[in-house]
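Protein chains in written order, with the working numbering: chain Z, 86 to 171; chain Y, 8 to 113; chain A, 4 to 236; chain C, 528 to 608.
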C-alpha cells in the first residue's frame with residue numbers, strides 16, 4: 086500500500102522532470118531555459134530525497150541540502166550577467 | 008504507526024502532484040513571466056509537501072528535512088525575483104500586451 | 004557538410020566499439036584485491052566511518068597533497084597572468100547594482116553557506132563530503148557575496164593568510180606522522196576513538212579541515228582575480 | 528523504476544551535451560553544461576556514490592557556471608543572450 090503510493094509519486098516526479106526538460110530544450114528565449122533549469126533543480130532535490138528513502142540511507146539527504154542551498158546561485162549568476170552586474 | 012506511514016505517503020503523493028502541475032505550467036504557459044510564476048510557486052509547495060511526507064515516513068530524518076525546507080523557502084523566492092526583475096528591465100515582451108507594472112503613466 | 008559526415012561516422016564507430024565492450028562484459032563477483040583490503044582493514048585501522056575518506060586522506064594522502072599543490076599552482080598562475088587594475092586608475096567596468104532583496108538575502112545566506120561548508124569538511128569522516136567539497140561550497144559563498152555586491156572587498160588578506168598557513172600545517176601534520184606514528188600523513192598521531200562518533204579517526208578531521216580551508220581560499224582567490232581583471236581597451 | 532529513471536536521465540544528459548555543443552549562443556551552452564552536471568549528480572546518487580555526487584553538486588551547481596560567465600564577459604565585452 087505505502088510502497089505503491091511511493092512508486093506512483095516517484096513516477097509523477099519523473100514525469101515532472103521530463104516536462105521541465107521539454108521546456109528546456111524547446112524554450113525559445115534564454116529566459117525560458119533559465120526558468121526550466123531552476124524548476125529542474127527543485128524537482129531534482131525532491132528526487133534525491135525520494136531516492137534516499139528508496140535506498141534507506143539518510144546520508145543522501147546531505148547532497149539534497151547542498152543542492153537546496155547552492156542551486157539558486159547558477160540562476161542568480163545568469164540573471165546578473167544579463168543585467169551586466171557580474 | 009501505520010496511520011502515520013499512510014498519511015506520509017499521501018502527503019508525498021500530493022507534493023509530487025504539485026511538482027507535476029508546476030512543470031506542466033512551465034511547458035504550457037504563454038510567456039516567460041507566467042512560466043516563472045507557475046514554475047516557482049507550485050514547485051516550492053510541492054517540495055515542502057514531499058519533505059513533510061518523508062518526515063512522516065522517517066521521523067528520525069526530521070532535522071535534516073527541516074533544514075532543507077528552510078533553505079528552499081529562503082533561496083527560491085530570491086532567485087525568481089532577481090530573474091523576473093531582469094526580464095522586466097530588459098523588456099521581455101508580454102503575452103497580454105498590457106503592462107500593469109510600467110512606470111510611465113499615460 | 005563533409006566535416007559533419009566525418010564526425011557522424013566517428014561517433015558511430017565509437018558507439019559500435021563501446022556497444023561491443025558492453026555486450027562482452029561479465030559481472031564481477033566480489034571486490035578486487037585492493038578494494039577488499041580497504042573495506043576489510045580500513046575501518047579497523049583508521050577508525051573512519053567513511054571508507055572513501057580513509058583512502059583519500061590516509062592511504063593515498065600523498066596524492067591529495069599533490070592535488071592541493073596543483074590547485075595552488077593554478078591559483079597563483081591565474082593571479083599572475085590576470086593583471087589587477089591599478090588602485091589609482093578608475094575601473095572602467097560599469098556594474099549595475101543588485102536589487103535590495105538580493106542584498107538583504109545575501110546577508111543571511113552567505114554565513115549559512117560558509118557554515119554548510121564547514122559542516123561538510125568537519126564531518127568528512129562520518130558523512131559524504133570532505134575537504135574539496137567543503138572548499139567548493141565556501142567559494143560558492145564568496146560567489147554569492149560578489150553577486151549581491153559587485154565591488155565586494157572583504158577578506159582579501161585573510162584569504163592569503165589562510166592559504167599559506169593551511170599549506171604549512173598540512174605538511175607539518177604529515178611530517179609529524181613520521182615521528183609519532185608509522186609514516187608520512189599517518190592519522191594515528193591523535194588518539195583514535197570509536198567508529199562513528201564525532202571525535203574519532205585520529206587526525207583525519209584535522210587534515211580535512213586544513214584541506215577545506217586551503218581549497219576554499221584558493222578558489223576564492225581565483226574568483227577575486229577573475230573579477231578584477233582589466234577590461235579590454 | 529530505477530532503470531527507467533537511469534535511461535531517462537542519460538537521454539536528457541546526452542541531449543543537453545548536444546545542445547551545448549551545437550547551439551550558436553555560448554550562454555545557452557553554459558546553461559546546458561549546468562543541466563548536464565545536474566543529471567550527472569542524480570546518476571551518481573542512483574549508483575550509490577554519494578561522495579562523487581556531493582563533489583558534482585558543489586562544483587557544478589554554482590561555481591563552474593560563474594567562472595564560465597566571468598570568462599564570457601571578458602572575451603565578449605558586451606553581449607546579451
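Backbone N, C-alpha and C fix where the C-beta goes; we use that ideal spot for every residue, glycine too.
By the Cβ test, the segment 167-180 of chain A is not in contact with the segment 146-153 of chain A, since fewer than three Cβ pairs between them sit closer than 8 Å. Only buried fits residue 71 (chain Y), as 16 or more other CB atoms lie within 10 angstroms of its CB. No Cβ of chain Z is located within less than 8 Å of the beta carbon of residue 63 (chain Y). Taking C-beta separations shorter than 8 Å and ignoring five residues to either side along the sequence, the partners of residue 567 (chain C) in its chain run 540, 583, 587, following chain order. If you look at residue 48 (chain Y), you'll find it in the alpha helix (DSSP H) that goes 39-64.
Contact check for residue 58 (chain Y) against residue 45 (chain Y) fails: the beta carbons are separated by 8 Å or more. By the rule that beta-carbons nearer than 8 Å mark a contact, residue 123 (chain Z) does not touch chain A.
Residues 187 of the same chain have their beta carbon placed closer than 8 Å to that of residue 178 (chain A), with the five preceding and five following residues left out of the count. Under the DSSP assignment, residue 110 (chain A) falls in the alpha helix (DSSP H) whose first and last residues are 103-125. The criterion of a C-beta distance shorter than 8 Å is satisfied by residue 98 (chain Z) and residue 131 (chain Z). Taking 8 Å as the upper bound for CB-CB distance, residue 169 (chain Z) and residue 101 (chain A) are not in contact here, some 11 Å apart.
Sorting Z:88, Z:108, Z:152 by C-alpha distance to the C-alpha of residue 590 (chain C) places Z:152 at the top. Looking from the CA of residue 161 (chain Z), the closest CA among Y:88, Y:81, Y:80, Y:79 belongs to Y:88. Of the candidates C:596, C:580, C:573, C:580 places its Cα closest to the Cα of residue 564 (chain C). Residues of the segment 105-123 of chain A whose Cβ lies closer than 8 Å to any Cβ of chain Z, in chain order: 105, 112, 115, 116, 119, 123. With 16 or more other Cβ atoms from the protein chains shown falling within 10 Å of its own Cβ, residue 118 (chain Z) counts as buried. The C-alpha of residue 574 (chain C) lies about 10 Å from the C-alpha of residue 140 (chain Z). Under a criterion of Cβ atoms nearer than 7 Å, the residues of chain Y adjacent to residue 107 (chain Z) are, in order, 34.
Look at the segment 147-158 of chain Z: the residues with a C-beta under 8 Å from a C-beta of chain C are 147, 148, 151, 152, 155, 156, 158. Taking a C-beta cut-off of 8 Å against chain Z, the contacting residues of the segment 89-102 of chain Y are 89, 90, 92, 93, 94, 96, 97, 99, listed in chain order.
Within 10 angstroms of the beta-carbon of residue 131 (chain A) lie 16 or more other beta-carbons, which makes it buried. DSSP places residue 70 (chain A) within a helical segment (H, G or I) once states are collapsed to three. Shortest Cα-Cα distance from residue 126 (chain Z) to any of Z:158, Z:144, Z:88 involves Z:158. Interface flag for residue 574 (chain C) against chain Z is unset, since no Cβ pair is found closer than 8 Å.
For residue 95 (chain Y) and residue 596 (chain C), the gap between their C-alpha atoms comes out near 21 Å. Look at residue 131 (chain A) here: in three-state DSSP terms it is coil, with no helix or strand label.
At a cut-off of 8 Å between beta-carbon atoms, residue 85 (chain Y) makes contact with chain A. Spanning the alpha carbons of residue 71 (chain A) and residue 218 (chain A) requires a straight line of approximately 7 Å. At least one CB of chain C lies nearer than 8 Å to the CB of residue 126 (chain Z). CA-CA distance, residue 558 (chain C) to residue 602 (chain C), rounds to 18 Å.
Taking a cut-off of 8 Å on C-beta distances, the segment 74-81 of chain Y does not touch the segment 86-93 of chain Z, as fewer than three cross pairs fall below it. Neighbours of residue 81 (chain Y) in chain A, taken as residues whose beta carbon is under 9 Å from its own, are 108, 111, 112, 115 in chain order. About 3 Å separates the Cβ atoms of residue 53 (chain Y) and residue 25 (chain Y), confirming a contact at the 8 Å cut-off. For the 8 Å CB-CB criterion, residue 78 (chain A) and residue 214 (chain A) do not form a contact.
When C-alpha distances from residue 129 (chain Z) are compared across Z:148, Z:115, Z:87, the shortest belongs to Z:148. Not a single C-beta of chain Y is nearer than 8 Å to the C-beta of residue 143 (chain A).
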